[in-house]
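2 protein chains.
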Amino acid sequence: MYTATSFVRVSMPDSDIMPKALITKRGISSLLKPKLHIPAGGINKKSNVGCSKNLSTLKAPDTIPVSQYQSQTDIYTETDNHRLYKQTFQVRSYEASADMTISVDTVLNYLQEAAVNYVRSIGFVDGSGVGRTPEMSKQNLGWVVAKMRVVFDQYPTWNDLVQVVAWISASGRNGICCNSIIRDSKTGAILIRASSIWVMMNMNTRRLCKIPEEERAVELEPYFYDLSPFVHEDSEKAVSKLDNDTADDIFKGLTPKWTDIDFNLHVNNAKYISWILESIPDSLALTHKISSLTLEYTRECAHNDVLQSLVAVSTVNTNNINGAVYETDEAQSRHLIRLEDGAEILRARIEWRPRK
Amino acid sequence: MYTATSFVRVSMPDSDIMPKALITKRGISSLLKPKLHIPAGGINKKSNVGCSKNLSTLKAPDTIPVSQYQSQTDIYTETDNHRLYKQTFQVRSYEASADMTISVDTVLNYLQEAAVNYVRSIGFVDGSGVGRTPEMSKQNLGWVVAKMRVVFDQYPTWNDLVQVVAWISASGRNGICCNSIIRDSKTGAILIRASSIWVMMNMNTRRLCKIPEEERAVELEPYFYDLSPFVHEDSEKAVSKLDNDTADDIFKGLTPKWTDIDFNLHVNNAKYISWILESIPDSLALTHKISSLTLEYTRECAHNDVLQSLVAVSTVNTNNINGAVYETDEAQSRHLIRLEDGAEILRARIEWRPRK
Chain A
1 MYTATSFVRV SMPDSDIMPK ALITKRGISS LLKPKLHIPA GGINKKSNVG
51 CSKNLSTLKA PDTIPVSQYQ SQTDIYTETD NHRLYKQTFQ VRSYEASADM
101 TISVDTVLNY LQEAAVNYVR SIGFVDGSGV GRTPEMSKQN LGWVVAKMRV
151 VFDQYPTWND LVQVVAWISA SGRNGICCNS IIRDSKTGAI LIRASSIWVM
201 MNMNTRRLCK IPEEERAVEL EPYFYDLSPF VHEDSEKAVS KLDNDTADDI
251 FKGLTPKWTD IDFNLHVNNA KYISWILESI PDSLALTHKI SSLTLEYTRE
301 CAHNDVLQSL VAVSTVNTNN INGAVYETDE AQSRHLIRLE DGAEILRARI
351 EWRPRK
Chain B
1 MYTATSFVRV SMPDSDIMPK ALITKRGISS LLKPKLHIPA GGINKKSNVG
51 CSKNLSTLKA PDTIPVSQYQ SQTDIYTETD NHRLYKQTFQ VRSYEASADM
101 TISVDTVLNY LQEAAVNYVR SIGFVDGSGV GRTPEMSKQN LGWVVAKMRV
151 VFDQYPTWND LVQVVAWISA SGRNGICCNS IIRDSKTGAI LIRASSIWVM
201 MNMNTRRLCK IPEEERAVEL EPYFYDLSPF VHEDSEKAVS KLDNDTADDI
251 FKGLTPKWTD IDFNLHVNNA KYISWILESI PDSLALTHKI SSLTLEYTRE
301 CAHNDVLQSL VAVSTVNTNN INGAVYETDE AQSRHLIRLE DGAEILRARI
351 EWRPRK
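These protein sequences, in sequence, are chains A and B. For the record, in the first sequence the residue sitting at position 20 is 20 according to UniProt numbering, with numbers rising by one throughout. For the record, in the second sequence the residue sitting at position 90 is 90 according to UniProt numbering, with numbers rising by one throughout.
This is the structure we're talking about:
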């Protein structure tokens, strides 16, 4: 669900197992007006400053008592008129990084899995895949993700039981916001928070469109959960675009392989994250942990595209006038994935905190 | 557990979170005498011809009735004197390939996860990680994987519940064989079979060694399960080595990234598989499915190594004298991962069957 286009491609009438070039002709930024604002308390601290006070309603696991379905391996609980969704995961050996904590791509996979199972559980599914309401299927409308932000307050480690809680809310009149928290199953402590903004596309014209009023009122609003998003962001901190002059490094000749195509026939999100994370120099990655990750998607990426990954790393310590990043510095990295002709696929900003 | 060296590196006394160069000075083939032989019925058919008849003892799920431990997300059942281990997985959305079936790297991850949990459950674990018996810890001995073979009879698909059943058996006097099957949780049908051979290394000298008789009798044999391996192989089909002349393609400049290092501080197995699978031309991968995978490990790979991936594809239809592979042909690909100086890391052979 968190791939740039997974809600789109599944509904293409000509879908088959062969990946095809499907580049969206128009960017997303022209329609999207993000409504994320940073609160006075700031973000990205280990405390929950910056989160809505409503999060307290989620702290006690027994506030959502009805288990409607339990599989052998995962706990699916849909309650409160299906407006909250919970799924439990146990961090597996191969999902842990060198320091035994959960890997970033695993976190994104957990978020995707819970979101996919949520929309399936409330019937947002048609013959072509998951995510579309019945009316959207009729009108051949689909979702595209415009932006995603994940804040890592704490990292669970190998063997930990964690619970993903997911819900959707409005994002202005023309978007929806998919919200998730990952919390410690034993203590209820919130470890990771995520939000993503999705907008609607007319699949016939391949152009973004407004959400039809009736569609919104009848099919979407019943599922909107009145819980403020857990992830806020200063609108001034929109991800600035890198270019040849501002990038530290440019990795060229990146090509999605057949193994990178998921069942939506798109390059899977894990591959985007790989291209971004692999561009990070060891000197930063081995001394810092990611404290937040912001992704802004512009275009779809096709199986046969050849891409470039640009990266620039800087300290957020303004005393380091030469821009050097030391082990004890907060840092940030900026990223751009683009086609060889310069067309932008996505940009990202990662905030890093010292490991010690 | 299925990484080339995961049983080794965890026991290094100098381990910390920074990956280090740890190249085994001596290959494995000098000690290992594989005892795998193909039966008259052949292998690699959708029927179970070629498997031991003992597999029938596993067909009924209720033959292993005692559930000693159940977590919230996975079912761990250790029974029969801890000589069989079972773990259930539900194939998640991000674990499916473009055709909705489970991806090959996910299969290897499931096998690793069950094996790691098995050896942990029987106490083969010390302060440095999983896999070592108490006596091995005292003598500073570790395991290295020499060979792995996986046979894909059928592919489970997204949402399917599957059960991994794992056990160990002897492999000559100086090795152990880790066996696994993946079966459909509902029908019990065997979908995937795997075996891997592990040999012992003296961690002080970094050389392979014989398993001490007492260690073998007291600590290992009680766990050997008298069930013939499910995977057989004609010894004449040892994986032949590719070189510059016999390879179709050579992919150069491959480097393990910090994201490829697992908590054993090794390049994780998924990365090896990626290097191999990404070298497969689309023309083969999109028309065929993998029917078997054989990996032979020679050396460890370190974080700072620069590698090459060699590939050669051929038909097994001897009528195609020009070697061309058509959509309806059985095919095979051979692979070599080596250091830039030519030192071999691993070789692989993959058998492919037409998708239709």
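Backbone N, C-alpha and C define an ideal beta-carbon position, used for all residues, glycine too.
Local conformation of residue i per DSSP, three classes
i        : result
Val91/A  : coil
Asp160/A : coil
Lys195/A : Position check: residue 195/A holds Ser in this sequence, whereas Lys was assumed. In the structure shown, Ser195/A sits in a strand (DSSP, three-state: E or B).
Val165/A : strand
Thr106/A : helix
Ala217/A : helix
Lys356/B : coil
Lys210/B : coil
Val239/A : coil
Arg186/A : A quick correction: the sequence has Lys, not Arg, at residue 186/A. Three-state result, Lys186/A: coil.
Tyr155/B : coil
Ser137/A : helix
Asn204/A : coil
Leu84/A  : strand
Arg173/B : coil
Asn179/A : strand
Ala114/B : helix
Arg149/B : strand
Distance, residue j Cα to residue i Cα
i             : j        : result
Val150/B      : Thr106/B : 13 Å
Thr157/B      : Glu296/A : 31 Å
Glu113/B      : Asn204/B : 28 Å
Asn179/A      : Phe224/A : 11 Å
Asn159/A      : Trp167/A : 25 Å
Gln280/A      : Ser333/A : It should be noted that the sequence gives Ile, not Gln, for residue 280/A. Taking the straight line from one Cα to the other gives about 8 Å.
Leu108/B      : Ala115/B : 11 Å
Lys86/A       : Val119/A : 12 Å
Val164/B      : Glu213/A : 49 Å
Gly123/B      : Thr133/B : 7 Å
residue 359/B : Val104/B : There is no way to answer for residue 359/B, as the model of chain B reaches only from 1 to 356.
Leu336/A      : Val311/A : 7 Å
Thr255/A      : Glu351/B : 25 Å
Asn140/B      : Glu300/A : 52 Å
Leu286/B      : Trp258/A : 8 Å
Arg193/A      : Ala270/A : 18 Å
residue 368/A : Glu95/B  : Chain A is shown only over 1 to 356; residue 368/A falls outside these bounds and no answer can be derived.
Cys162/A      : Thr101/A : Checking the sequence, you will find Val at residue 162/A rather than Cys. Between Val162/A and Thr101/A, the C-alpha separation is close to 13 Å.
residue 366/A : Ser292/A : With chain A running from 1 to 356 in the structure shown, residue 366/A is simply not present.
Leu84/A       : Ser196/A : 16 Å
Cβ-based burial, residue i [other Cβ within 10 Å; buried from 16]
i        : result
Gly175/B : buried
Ser283/A : exposed
Tyr110/A : buried
Arg92/B  : buried
Asp245/B : exposed
Asn304/A : exposed
Ser240/A : exposed
Thr328/A : exposed
Gly131/A : buried
Tyr326/B : exposed
Glu340/B : exposed
Thr187/B : exposed
Val306/A : exposed
Cβ-heavy atom distance, residue i to the ligand GDP, below 6 Å
i        : result
Val116/B : No copy of the ligand GDP appears in this structure; indeed no ligand is present at all.
Chain-ordered neighbours of residue i on chain B, where CB pairs are closer than 7 Å
i        : result
Tyr225/A : The contacting residues do not exist; Tyr225/A stays about 22 Å from chain B at best.
Asp282/A : Trp258
7 Å Cβ cut-off: residues of chain A touching residue i
i        : result
Leu346/B : By Cβ distance, chain A contributes nothing, its closest Cβ being about 18 Å from Leu346/B, past 7 Å.
Val116/B : Ser93
Ala285/B : Trp258
Glu278/B : Lys257 and Thr259
Partners in chain A for residue i, counting only beta-carbon separations shorter than 9 Å
i        : result
Leu191/B : Per Cβ cutoff of 9 Å: no residues; Leu191/B is ~16 Å from chain A at best.
Ser274/B : Lys257 and Thr259
Trp158/B : Phe263
Within chain B, partners of residue i - CB distance below 9 Å
i        : result
Gln112/A : Arg92, Ser93 and Tyr94
Ala270/A : Tyr94
Worksheet entry | Any beta strand (DSSP E) of 3 or more consecutive residues that is wholly inside the UniProt domain "Acyl-ACP thioesterase-like C-terminal" (246–353) of chain A | 249–254, 288–297, 307–315 and 331–339
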